[in-house]
Amino acid sequence: MAGRPTTIIDLARLSLSHGEGARLDLPVRLEPLELGGQTYVPRGGGLQVRLDLSRPSSGFAFRLRFPLHVEGPCMRCLEDAAVETEVDAREVDQSDTDDEELRSPYVVDDELDLGRWVHDASILALPNQILCREDCAGLCPVCGEPLNDADPAAHEHDTAPDPRWSKLRELKLE
Ligand SMILES: [Zn+2]
Ligand SMILES: [Zn+2]
């Protein structure tokens, strides 16, 4: 079915012999990503990924590539932010080994859980801080207003103290 998002790849049905490879270009549905207490969604709701498979020996080697564009709140000021990056991830899965390094967590019973891999690879590809702009000034620690386009004079709260805080200041000065 063309255009229908794929999440599971049945490896047995590809019937690749040793030394053979295949390339699949697939639409994949990406669930919203939870990062730093915020939620990020792919632009347009879906992704187009390229999956290269090969059978070097017993098992599979995979390479997953796709452009990732997500949108959500800036982690400092909560205004709109977007990230654009390229994901390039690899996995190996050797079937007859006890070596955990050679088993892929995304392969179970000859099925590749592409949806989960795409999700995890997306999270790994995103920066720790998603910001509306690199030098985002965040929110004023006193009044909570965004500082990016604010007049700095408007946030010199010491010269114009909020009356609610004056009592506290008096206490501190004692
Ligand atoms: Zn920001
Ligand atoms: Zn302020």
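So the sequence shown is residues -16 to 157, counted in the numbering used here.
We put the beta carbon where it would ideally sit given N, CA and C, even for glycine.
- Rounded to the nearest angstrom, the gap between the Cα atoms of A72 and Q112 is 21 Å.
- Taken through DSSP and simplified to helix, strand or coil, R46 comes out as strand.
- Every residue whose Cβ sits closer than 6 Å to any heavy atom of ligand 2 is listed here in chain order: C123, V125, C126, E128, H138 and H140.
- V24 sits close to E54, with the two beta carbons spaced by under 8 Å.
- At a Cβ-Cβ threshold of 8 Å, D103 and D(-7) do not count as neighbours.
- Proximity of the beta carbon of R33 to ligand 1 is not indicated: no heavy atom of the ligand is located closer than 7 Å.
- Runs of the beta strand (DSSP E) lying entirely within the region 44 to 101 and spanning at least 3 residues, in chain order: 63 to 76 and 94 to 96.
- Collapsing the DSSP output to three states places S41 in coil.
- In the structure shown, D(-7) falls within a strand segment according to DSSP collapsed to helix, strand and coil.
- Ranked by Cα distance from D96, the options G4, A5, V11 and G2 are led by V11.
- Annotation for L51 indicates a beta carbon at 7 Å or more from all heavy atoms of ligand 1.
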